[in-house]
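Take a look at the structure below.
There are 2 protein chains.
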Amino acid sequence: MSEELSEILENAESAIADRNSDLTRSLCEGLHPADLAELYEDQDAGTRRFLVDTLGSEAFTEVLAQIPDTLVEETLDQFQPDEQREMLEAIPDDDLVDILQDVSESKRKDFIELLDEEQQDNTRTLLRYGEDTAGGRMTTQVARIRETMSVKDAIDHLRPDLESTETMARIFVVDENERLIGKIRLRDLAFNPWDTLIRDVLTEDDQSILASADQEEAANMLSRYDLVLLPVVDESNRLLGVITADDAIEIIEEESTEDMEKAAGISGEQSEESYLNTALYTHFRRRAGWLLILALLAILSGFVMMRFEQTLIDVYLLSLFLPMVVAAGGNTGGQASTMVIRAMALGELDREDTGRVIWKELRLGILLGGLLAVFIGIVAVFGPPAFGFSLPGNISFAKFGLTVAIALGAQVATSTVIGAMLPIGARAIKLDPAVIAAPAITTVVDVSGMVIYFTVARSILSL
Amino acid sequence: MSEELSEILENAESAIADRNSDLTRSLCEGLHPADLAELYEDQDAGTRRFLVDTLGSEAFTEVLAQIPDTLVEETLDQFQPDEQREMLEAIPDDDLVDILQDVSESKRKDFIELLDEEQQDNTRTLLRYGEDTAGGRMTTQVARIRETMSVKDAIDHLRPDLESTETMARIFVVDENERLIGKIRLRDLAFNPWDTLIRDVLTEDDQSILASADQEEAANMLSRYDLVLLPVVDESNRLLGVITADDAIEIIEEESTEDMEKAAGISGEQSEESYLNTALYTHFRRRAGWLLILALLAILSGFVMMRFEQTLIDVYLLSLFLPMVVAAGGNTGGQASTMVIRAMALGELDREDTGRVIWKELRLGILLGGLLAVFIGIVAVFGPPAFGFSLPGNISFAKFGLTVAIALGAQVATSTVIGAMLPIGARAIKLDPAVIAAPAITTVVDVSGMVIYFTVARSILSL
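Quick mapping for you: the protein sequence lines, in order, are chains R and X.
So the first sequence is residues 1 to 463, counted in the working numbering.
So the second sequence is residues 1001 to 1463, counted in the working numbering.
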């Protein structure tokens, strides 16, 4: 954020606190809707009311699409029906659909009825697509022309919708059944003689996506092929709308946040509000579920520990390395699952790659386990005597070090493979791989780590 | 990936395996450079050579910018100097700089000298900006005009560079010192009478970024303000170039991947290669560092456990809940750090918000700790007797349950606050917050959890 902007926002905050309408208006007038939305979102209900009254419907039209779900209805409700109509009609159709998805069902019906008939139809069609599909994200306000037009025809054809068309960077060429044939760039219109035929400048376009496809797939295509716009079509290749690069940015940010949160065992939809503006209860609800489940599962590790209590009492030095062996599994399993989950999210791993992934992680697990085994094994042989710890008479520190090394190596190798396999397994049974949270993997390999450690100890130390 | 594309790629794979040049050429001709790059990247060195020989320099020009760092030099080396010149001259300057950053220093010098003088100067200037800055990411191939021009003048002025200008969606208006005044949209040229003055259609532009700013800041601005292009300027507001929305997508994907990897204790730069194509040794190197450090730190937990060995022997049922109390801290600390790190990455948390974050996480920690304490406390009172476990005569299950509950509550509350504070602390000492990996937090709260558990047990159970 630039210093200038910070200063304006600070001054606006005090003007708002003083309920100084004129100053508030003059300070907020120049703000970008995104900044105004953040300012608005940070206020309490009374102050939000003051802002709505002071700035009016025009200022809030673009703000509406930028504020969190929970504030949309409250904000719209403070305007008169004719103001609401003006606001809703001025919002691009993809944002309008987002907004309508955020309000209660009865309100949605009321709001849609405020629109003119064409917009009503269009909105109802868009609302039919799932929120997370390409269709649910697209705008229908796309520039479309016929291949039989000349440059002059195309300019005349596009002129009436000049301001309502979301983007003109690409103009799509369709046949008489609205089927997508190709595209031209706006510069092809601007820089060619007016009698040039569209047919002669168009590029055939094979990059498009079905309206029913997942929004993440659309974002990945825009990213992979460095597209400005991705056309959205139906099963008959009829052009329905476009997804823009800034939609792709939003989709990718949302999906990344969700994946990170899932990986940390935070459940539910990512909150649209910022961290600080999300209610305490919402944070609580999203975190409590996994914590409870994992706490119950972790009691399994306790059972294993009790089962091997005597081993621990016989060679109490085993406690020194027990937490380390167990934790190393969680760490390495978490690394492996993160790599695999991320590669899946970026579309790098197909189902046929499963064997290659497991083979790679198996070798990696053996390498990492080997490294740790050698390193910590040496620590286990020479460390404890240096600190004055002792072992029962019949056990040498060499044997003890060997125990720690073998257990650690085995734990790291198995945990790496388990960490890689769990997300692959999740996908195979149609679960989101990211839902296999690192804490879940840690809990699983905590149990296996204890079993490995004590079993190796008993066998090598003949307990 | 569409079925059609998968089929072409499959057929191409077999044509390549058969060393069938004609079939390979005809199948690869229609491929998008991004798809051809992936196909190329998946082959062994001999096959890559075959592809280079078969498809030639023209096909590889656009592919160069899409293949991993490690293959760029090898690929370029297979062409003759005059082919290299043609390839390098045809690549947009931001991609060219990326490519030159990937080759050895001596080669870089050779390649730059192949370019014409203007491109040499331009490239050397761009190479001076850091790889992760706005300047290092921008393209200088930006459409720029003067405010005194008419629409006709502007069209004539822009026409010679029509094909080399990366994007014309926004055309920037500069004064005689190249200082940024504003911008127009290409549609303002296409749809206005030729004698319209640029001055009358321009929008003053206050969205720009310094060349020295971090690329992540540039991506966040493009995302926040839904921009198609973000102009990059120097300290005197002179227009140097632009960053495009598809650059922003790339930056956001890279940074998200890096943050996720860091959060899992995977160190070093994110590999440009895909997961499967990254060498085993590279994976190994990136994961081994943290694993070793954390393994050594985890021995601290072992020290604590040994120190309290007698407590464990006195009330051996304490083992049943020890792993759970310890793990709950790691889980809740990991959740808190993930939320805070992500909020920081999205630019939501300023330095002044530190107090609010800690206050929020403290209350959350107490709520989550309270919930788990009540729930697992009840399990601890009624569970063990149901399974036939017993306690030393002087200790009741009620007291035992109280011990588990208090220890768990305290562990969860402190871990939540620690998890939130570590990334904030990291930023305060100018470290990347994301580097405070979840495994590191787990290791820290493993130690504190053991201390809390045994201290609470000793005091409540009077051991």
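Where a beta carbon is used, it is the ideal one built from N, C-alpha and C, also for glycine.
All figures in this text were calculated on a predicted structure; none of them were measured in a lab.
Identify, in the order they occur along the chain, each residue of the same chain with its Cβ nearer than 7 Å to the Cβ of residue i, setting aside the five sequence neighbours on each side.
i         : result
R/Ile266  : Arg286, Arg287
X/Leu1461 : Val1315, Ile1395, Lys1399, Thr1403
X/Met1421 : Ile1358
R/Tyr129  : Gly135, Gly136, Ala211
Measure the alpha-carbon distance for residue i versus residue j and round it to whole angstroms.
i         : j         : result
R/Thr123  : X/Glu1261 : 41 Å
X/Arg1019 : X/Asp1053 : 11 Å
R/Thr414  : X/Phe1284 : 16 Å
X/Val1379 : X/Gly1370 : 14 Å
X/Ile1313 : X/Ser1319 : 9 Å
X/Asn1192 : X/Val1151 : 7 Å
R/Arg144  : R/Glu204  : 14 Å
X/Ile1376 : R/Thr443  : 16 Å
X/Leu1055 : R/Glu178  : 36 Å
R/Gly30   : X/Gln1215 : 26 Å
R/Asp464  : X/Leu1230 : Within the shown structure, residues of chain R are numbered from 1 to 463, placing residue 464 of chain R beyond reach of any answer.
R/Phe79   : R/Leu27   : 22 Å
X/Glu1235 : R/Glu7    : 20 Å
X/Ala1154 : X/Thr1139 : 21 Å
X/Ala1426 : R/Ala327  : 23 Å
R/Asp82   : X/Ile1366 : 48 Å
X/Leu1076 : X/Asp1094 : 17 Å
X/Leu1296 : R/Phe382  : 14 Å
So which residues on chain R does residue i lean against when the C-beta distance must stay under 8 Å?
i         : result
X/Gln1411 : Near X/Gln1411 there are no residues of chain R at all, since even the closest Cβ is about 11 Å away, more than 8 Å.
X/Gly1268 : The premise fails here: X/Gly1268 is roughly 12 Å from chain R at the closest Cβ pair, so nothing lies under 8 Å.
X/Thr1332 : Arg287, Leu291
X/Asp1226 : Ala34, Asp246
X/Ala1343 : Ser274, Tyr275, Leu276
Which residues in chain X have a C-beta closer than 7 Å to the C-beta of residue i? List them in chain order.
i        : result
R/Tyr36  : Inspection of the sequence shows that residue 36 of chain R is occupied by Leu rather than by Tyr. Going along chain X, no residue has its Cβ under 7 Å from R/Leu36, so there is no contact; the nearest lies around 12 Å.
R/Gln335 : Ala1264, Gly1265, Ile1266, Arg1287
Do residue i and residue j have their CB atoms nearer than 8 Å?
i         : j         : result
X/Ala1336 : X/Glu1361 : yes
R/Gly549  : X/Pro1423 : Coverage of chain R is limited to positions 1 through 463, which leaves residue 549 of chain R absent and any answer about it impossible.
R/Val451  : R/Gly329  : no
R/Glu86   : R/Ser104  : no
X/Val1142 : X/Gly1241 : yes
X/Ile1171 : X/Ile1184 : yes
X/Ala1211 : X/Val1232 : yes
X/Thr1416 : X/Leu1364 : yes
R/Arg412  : R/Leu368  : According to the sequence shown, residue 412 of chain R is Val rather than Arg. Against a cut-off of 8 Å, the Cβ pair of R/Leu368 and R/Val412 comes out as a contact.
X/Leu1186 : R/Ala245  : no
X/Ala1530 : X/Ile1341 : Given that chain X is displayed from residue 1001 to residue 1463, the structure contains no residue 1530 of chain X and the question cannot be resolved.
R/Pro438  : X/Ala1438 : The question names Pro, but residue 438 of chain R is Ala in the sequence shown. Going by C-beta atoms, R/Ala438 is nearer than 8 Å to X/Ala1438.
R/Gly419  : R/Gly333  : yes
R/Ala373  : R/Gly409  : yes
Beta-carbon within less than 8 Å of residue i's beta-carbon, same chain only, minus the 5 sequence neighbours each way: which residues are those?
i         : result
R/Glu74   : Ala45, Arg48
X/Leu1100 : Arg1108, Phe1111, Ile1112, Thr1123, Leu1127
R/Glu494  : Since the displayed chain R opens at 1 and closes at 463, residue 494 of chain R lies outside it and no answer follows.
R/Thr133  : Ala211, Ser212, Ala213, Asp214, Gln215
Apart from the five residues just before and just after residue i, which ones in its own chain have a Cβ nearer than 6 Å to its Cβ?
i         : result
R/Pro33   : Glu62, Val63, Gln66
R/Ala90   : Thr61
R/Ala219  : Ala248, Ile251, Ile252
R/Thr196  : Val151
X/Leu1158 : Ala1143
List the residues of chain X whose Cβ lies closer than 8 Å to the Cβ of residue i, in chain order.
i        : result
R/Lys109 : Going along chain X, no residue has its Cβ under 8 Å from R/Lys109, so there is no contact; the nearest lies around 29 Å.
Residues of chain R with a CB under 9 Å from the CB of residue i: which are they?
i         : result
X/Ile1376 : Leu292, Ala295, Leu296, Ile299
Give the residues of chain X in contact with residue i, contact being defined as C-beta atoms less than 9 Å apart.
i        : result
R/Ala169 : Thr1167, Met1168, Ala1169, Leu1186, Val1228
R/Pro392 : By Cβ distance, chain X contributes nothing, its closest Cβ being about 14 Å from R/Pro392, past 9 Å.
R/Arg238 : Ordered by position in chain X, no residue passes the 9 Å Cβ test against R/Arg238, which lies about 17 Å from the chain.
For the segment 282-302 of chain R, enumerate the residues whose C-beta is nearer than 8 Å to any C-beta of chain X, in chain order. His283, Phe284, Arg287, Ala288, Trp290, Leu291, Leu292, Leu294, Ala295, Leu296, Ala298, Ile299, Ser301, Gly302
Chain R contacts from the segment 1181-1210 of chain X (Cβ-Cβ distance under 7 Å): Leu1186, Arg1187, Leu1189, Ala1190, Phe1191
Contacting positions in the segment 250-268 of chain R - beta carbon closer than 8 Å to chain X: Glu250, Ile252, Glu253, Ser256, Thr257, Asp259, Met260, Glu261, Ala263, Ala264, Gly265, Ile266
Below 7 Å between beta carbons is the criterion; list the residues of the segment 154-167 of chain R that meet it against any residue of chain X, in chain order. Ile155, Arg159, Leu162
Members of the segment 314-329 of chain R that neighbour chain X once the beta carbon cut-off is set at 7 Å: Tyr316, Ser319, Leu320, Phe321, Leu322, Pro323, Met324, Ala327, Ala328
Residues from the segment 1017-1031 of chain X in contact with chain R, defined by Cβ distance under 7 Å: none
Quick one: which residues of the segment 1349-1363 of chain X get their C-beta closer than 8 Å to a C-beta of chain R? List them in chain order. Leu1349, Asp1353, Arg1356, Val1357, Lys1360, Arg1363
Please name the residues in the segment 1073-1104 of chain X whose beta-carbon is closer than 7 Å to at least one beta-carbon of chain R, in chain order. none
If the cut-off is 8 Å on Cβ atoms, which residues from the segment 419-448 of chain R count as contacting chain X, listed in chain order? Ala438, Pro439, Thr442, Thr443, Asp446
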